[in-house]
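Below: the structure, in structure tokens.
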Amino acid sequence: MKKYFQISFSKRFPLLVIVTISICIIVVTFITIQTISRIYATSIEYSYKSTIEHIESMSLVMYNFLNAANTKTDANELFMPIKNNPSVYTAYIAKPTDDDRHYTVTTVIKGKLEITHLTRVDTSEEFLIRKGLAHVTINPAIEKQGAIAYMESYIPLHADSKTQCLIIQWLVPTTAILQQKHDALIQTLMQSIAIAITATIIIVVVISAIHSYRTKSLIQELSHSIQSIATGTLDIALNDSIDGELKTIATSFNSLVEKIKHNDQMLHTIKEETLADIFKKGVALLKDGKLDEAQACFTVTILYKPQSFASYFNLGVCMAKKGQFDAALQYFEKAKELNPDNQLVLRYIGKIQALQ
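To get the numbering used here, take the position in the sequence shown, counting from 1, and add 493.
Following this line, the structure appears as structure tokens:
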């Protein structure tokens with residue numbers, strides 16, 4: 494009985510295809526990591542810039558108020574807006590010394606009175622406190638005291654021909670202090686993906702070596718079989734057991750691909766959880782009456798989830814409470830577009846239109 498030669502597809506599968514597929518997986522994974530990292534970095538950067546802009550605007554308002562009201566002799570009345578501002582963590586007045594790095598605390602407006610007469614050291618490379626003696630200056634560095642995170646602004650005070658500096662420590666949104674934790678988590682995931690990619694490369698090298706060896710053996714077997722045919726011996730067959738081994742290797746390779754996909758999904762989940770945390774923080778800030786901080790949080794969520802009905806609605810509430818009814822109406826109208834049947838939005842729109 495004659496047996497025909499049946500060379501399996503796996504034995505003829507080009508090495509170039511294996512390498513190409515592996516390279517594509519690595520490239521796609523790398524692009525995915527970079528894209529998610531950029532999205533997260535943009536979110537943090539937006540929150541950071543919004544915080545600085547908010548603190549700068551508040552400091553300028555405070556500077557203008559103090560200059561306009563500097564004829565008042567009652568210090569308590571003069572600094573009452575600072576004491577009553579929930580965004581202010583600590584505020585005190587410092588006067589310069591002979592050393593540009595050292596300043597003496599003369600008056601504590603808000604915070605611990607024990608720091609009076611203590612020396613404040615300016616550790617910034619740009620001598621920011623000294624700049625604050627001339628004009629409103631913001632220190633972009635985020636400082637921490639336990640669970641409290643704050644950013645400083647320096648406001649010049651001119652009285653009795655003497656220049657002093659009003660140092661205000663502003664509380665910053667929680668989104669700013671989440672950066673370090675999430676950066677570490679993303680770095681861990683990127684390391685896991687790098688390990689998976691390295692393992693993939695190792696397996697590809699092994700597959701290539703096995704394929705080269707099997708192909709060489711197959712050619713030798715085929716050459717021997719052809720010689721046998723030439724002598725008239727037809728009762729022969731090629732060994733195709735290579736199929737099962739390649740299938741096992743392919744299964745291992747696919748397992749690594751699934752691991753990479755799983756890690757990519759974890760990165761996507763972290764982004765979603767980050768936005769959810771920002772939204773929840775915005776709701777809490779809105780309830781506490783911290784309207785500017787709440788507005789910043791909801792703006793971040795809209796930036797990456799433009800179809801978020803709740804974010805537009807809460808922004809409308811923020812604007813309405815701040816008395817900015819035109820802006821509030823725009824946000825409520827957008828929320829209405831996303832959820833036309835929501836009765837609460839319709840009532841808010843009616844109330845604002847009645848006020849205009």
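Beta carbons are placed, not taken as given, at the ideal position from N, Cα and C, and that holds for glycine. This structure is a prediction, so every number in the text was calculated from the model and none was measured.
Helix, strand or coil at residue i according to DSSP, with G and I counted as helix
i: Val699; result: helix
i: Ser501; result: Unreliable positioning characterises Ser501 in this predicted model, as indicated by a pLDDT of 43, which lies under 50. The coordinate reading is nonetheless provided below. Three-state DSSP puts Ser501 in coil, outside helix and strand.
i: Ser617; result: coil
i: Lys624; result: helix
i: Lys637; result: strand
i: Asn807; result: helix
i: Gln448; result: Look at the range of the chain in this structure, 494 to 849, and you will see that residue 448 is not part of it.
i: Lys655; result: strand
i: Gln800; result: coil
i: Gln849; result: coil
i: Gln662; result: strand
i: Leu727; result: For Leu727, the pLDDT reaches just 46, beneath the cut-off of 50, and the residue's location in the model is therefore unreliable, although a value from the coordinates is still provided. Correct three-state label for Leu727: coil.
i: Leu831; result: helix
i: Ile648; result: strand
i: Ala777; result: helix
Sub-8 Å separation of residue i and residue j beta-carbons
i: Ala584; j: Leu659; result: yes
i: Tyr841; j: Phe825; result: yes
i: Glu636; j: Tyr643; result: yes
i: Ile608; j: Ile661; result: no
i: Ala821; j: Ile845; result: yes
i: Ile526; j: Ile686; result: yes
i: Leu650; j: Leu553; result: no
Cβ distance (whole Å) where residue i is taken to contact residue j below 8 Å
i: Val810; j: Leu779; result: 7 Å
i: Tyr533; j: Thr794; result: Contact flag wrong, Cβ pair sits at about 14 Å.
i: Val581; j: Trp663; result: 6 Å
i: Tyr797; j: Ser536; result: 6 Å
i: Thr693; j: Ile518; result: 7 Å
i: Ala587; j: Arg613; result: 5 Å
i: Lys814; j: Leu784; result: 6 Å
i: Ser540; j: Ala789; result: 6 Å
i: Thr544; j: Val665; result: 5 Å
CB contact below 8 Å: residue i versus chain B
i: Leu831; result: No chain B is part of this structure, which consists of one protein chain only.
Handout entry: Start-end ranges of the alpha helix (DSSP H) lying completely within the region 542-613, minimum 4 residues
Key = 568-571 and 573-576
Handout entry: Segment contact flag, the region 597-605 with the region 615-630, C-beta cutoff 8 Å, min 3 pairs
Key = no
Practice task
Mind the definition here: the region 538-551 touches the region 626-634 only if three or more C-beta pairs lie below 8 Å; say whether that holds.
Solution key: yes
Problem - the region 515-531 in contact with the region 771-780 per 3-pair CB rule at 8 Å - result: no
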